[in-house]
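One structure below.
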Amino acid sequence: MCRHLAYLGPPVPLRTVITDPPHSLYRQSWAPAMQRHGTVNADGFGVGWYADGDPVPARYRRAVPIWDDSSLPDLARVTRSGAVLAAVRSATPGTALGESAAAPFASGTWLFSHNGVLQGWPSAADRLSARLGAPLFTDMEAMVDSAFLWALVLGRLRAGAAPETALAATISGVEEAGGSGRFNFLFTDGQSITATAAGDTLWYRRADGAVIVASEPCDDEPGWTQVPDRRVLTAAPSGVAVRLLSSLTEGIAIR
Numbered sequence: 000m001c002r003h004l005a006y007l008g009p010p011v012p013l014r015t016v017i018t019d020p021p022h023s024l025y026r027q028s029w030a031p032a033m034q035r036h037g038t039v040n041a042d043g044f045g046v047g048w049y050a051d052g053d054p055v056p057a058r059y060r061r062a063v064p065i066w067d068d069s070s071l072p073d074l075a076r077v078t079r080s081g082a083v084l085a086a087v088r089s090a091t092p093g094t095a096l097g098e099s100a101a102a103p104f105a106s107g108t109w110l111f112s113h114n115g116v117l118q119g120w121p122s123a124a125d126r127l128s129a130r131l132g133a134p135l136f137t138d139m140e141a142m143v144d145s146a147f148l149w150a151l152v153l154g155r156l157r158a159g160a161a162p163e164t165a166l167a168a169t170i171s172g173v174e175e176a177g178g179s180g181r182f183n184f185l186f187t188d189g190q191s192i193t194a195t196a197a198g199d200t201l202w203y204r205r206a207d208g209a210v211i212v213a214s215e216p217c218d219d220e221p222g223w224t225q226v227p228d229r230r231v232l233t234a235a236p237s238g239v240a241v242r243l244l245s246s247l248t249e250g251i252a253i254r
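Residue numbers (numbering that gives the first Met the number 0): 0 to 254.
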């Protein structure tokens with residue numbers, strides 16, 4: 000339903016991450032190579048990035064297709080960062096439109112994106128909220144399934160869970176409570192990247208002191224590795240770890 004990516008490494012212009020590669024996120028908005036659901040990602044986009052010395056990321060989000068934003072090329076040319084999370088959106092039917100519905104979602108030092116769908120939105124969210132015992136709608140930036148799932152993740156993060164546990168336990172909790180869908184999450188705090196492969200494609204590559212995690216490879220360079228389904232990935236320029244989702248949720252309550 001969407002395409003997203005995250006980058007950590009030496010500071011580079013945003014264009015190096017988002018628009019310049021031959022199969023960049025920009026190109027994936029109209030010509031994704033591996034997207035299993037949907038054909039174009041024209042329902043908005045967003046970019047989040049961290050500036051040196053400031054742990055709270057900046058965001059630039061628009062409701063238009065990424066190719067239709069005349070301001071992005073200049074922004075991406077002059078803005079540099081060593082930590083970026085960006086996404087292009089294909090909206091789930093029944094979800095809100097507009098800038099506030101476009102990833103990345105944010106809270107404090109955290110950025111989050113969701114590639115996938117919560118089946119049965121929005122009625123499924125009502126049922127899940129009741130079963131999970133969480134008044135989630137007041138914590139949402141927009142009435143979209145991705146913001147609902149982010150509210151679930153955020154509750155676990157605020158309770159002290161590590162990012163990989165918060166992401167995995169959210170998927171487990173939704174599924175154990177009767178929810179279903181595709182839950183490829185992407186999260187960063189500017190120091191590391193955490194992602195899940197749960198229903199759609201996920202790849203990563205480490206090279207030149209950097210790491211990229213993405214829905215699909217951005218170029219034809221060697222070193223891209225596909226993450227198997229039902230896995231959680233944690234990544235930094237220094238290394239990558241991939242674990243089973245189930246290994247992070249054993250013994251964790253769904254609430």
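Yeah, the Cβ is synthetic: ideal placement off N, Cα and C, and Gly gets one too.
Original post:
Considering only residues of the same chain and omitting the five flanking positions on each side of Ala-252, which have a CB-CB separation below 6 Å?
Top reply: Since pLDDT at Ala-252 reaches only 43, below the 50 mark, its modelled position is unreliable, and the value read off the structure follows with that caveat. Nothing meets the Cβ criterion.
Original post:
Pro-12 bridges to which residues according to DSSP?
Top reply: Arg-79
Original post:
In terms of DSSP beta bridges, what is Ser-106 paired with?
Top reply: Trp-109
**OP:** At 3 residues or longer, and completely inside the stretch 10-90: list those beta strand (DSSP E) runs for me, N to C.
**Re:** With a minimum length of 3 residues, the continuous beta strand (DSSP E) runs that stay inside the stretch 10-90 are 44-48, 57-61 and 79-88.
**OP:** Please indicate yes or no: does the CB of Val-173 lie closer than 7 Å to some heavy atom of the ligand SAH?
**Re:** In the structure on display, the ligand SAH does not appear, and there are no ligands present to speak of.
Original post:
Closest by CA to Pro-9, which one among Tyr-59, Leu-247, Ser-237 and Gly-93?
Top reply: Ser-237
Subject >> Given Leu-71 as reference, the closest of Leu-24, Ser-106 and Ala-105 once Cα atoms are compared >> reply: Nearest neighbour of Leu-71 by Cα position, chosen from Leu-24, Ser-106 and Ala-105, turns out to be Leu-24.
Original post:
Once you ignore the five residues that flank Gly-119 on each side, which residues in its own chain have a CB closer than 6 Å to its CB?
Top reply: none
Original post:
Under 8 Å between the Cβ atoms of Val-87 and Ile-65?
Top reply: yes
Subject >> Reference Gln-34, options Gly-45, Phe-111 and Glu-215, closest by Cα >> reply: Glu-215
Subject >> Distance, Ala-240 Cα to Asp-138 Cα >> reply: 31 Å
Original post:
Anyone know if the C-beta pair for Ala-298 and Phe-44 falls short of 8 Å?
Top reply: Lying outside 0 to 254, the shown extent of the chain, residue 298 is not represented and no answer is given.
Original post:
What residue from Cys-217, Gly-222 and Pro-221 has the CA that sits closest to Ala-32's CA?
Top reply: Cys-217
Original post:
Distance, Cα to Cα, Arg-230 vs Gly-115?
Top reply: 15 Å
Subject >> Cβ-based neighbour list, Phe-149, same chain, cut-off 6 Å, excluding 5 preceding and 5 following >> reply: Looking at the sequence provided, one finds Trp at residue 149 rather than Phe. Same-chain partners within the cutoff: Phe-104 and Phe-111.
Original post:
Quick one: what's got a C-beta closer than 8 Å to Thr-78's C-beta in the same chain, skipping five residues either side?
Top reply: Excluding sequence positions up to five before and after Thr-78, its CB lies within less than 8 Å of the CB of Pro-12, Leu-13 and Trp-48, all in the same chain and listed in chain order.
Original post:
From this set, Gly-107, Leu-117, Glu-175 and Thr-15, which residue's C-alpha is nearest Leu-74's C-alpha?
Top reply: Thr-15
**OP:** State buried or exposed for Ala-161, treating a residue as buried only when at least 16 other CB atoms are found within 10 Å of its CB.
**Re:** Classification for Ala-161: exposed.
**OP:** Use the C-beta contact count for Gln-27: other C-beta atoms within 10 angstroms, 16 or more gives buried, fewer gives exposed.
**Re:** buried
Subject >> Sequence-distant residues of the same chain with beta carbon closer than 7 Å to Gly-208, five excluded per side >> reply: Gly-8, Pro-9 and Pro-236
Original post:
Distance, Cα to Cα, Ser-80 vs Gln-190?
Top reply: Cα atoms of Ser-80 and Gln-190: separation of roughly 12 Å, rounded to the nearest angstrom.
Original post:
Nearest-angstrom Cα distance between Asp-219 and His-22?
Top reply: Between the alpha carbons of Asp-219 and His-22 lies a gap of roughly 8 Å.
**OP:** Look at the alpha carbon of Thr-18 and the alpha carbon of Leu-4, and state the distance between them as a whole number of angstroms.
**Re:** 12 Å
Subject >> Collapsed DSSP secondary structure at Ala-240 in the structure displayed >> reply: strand
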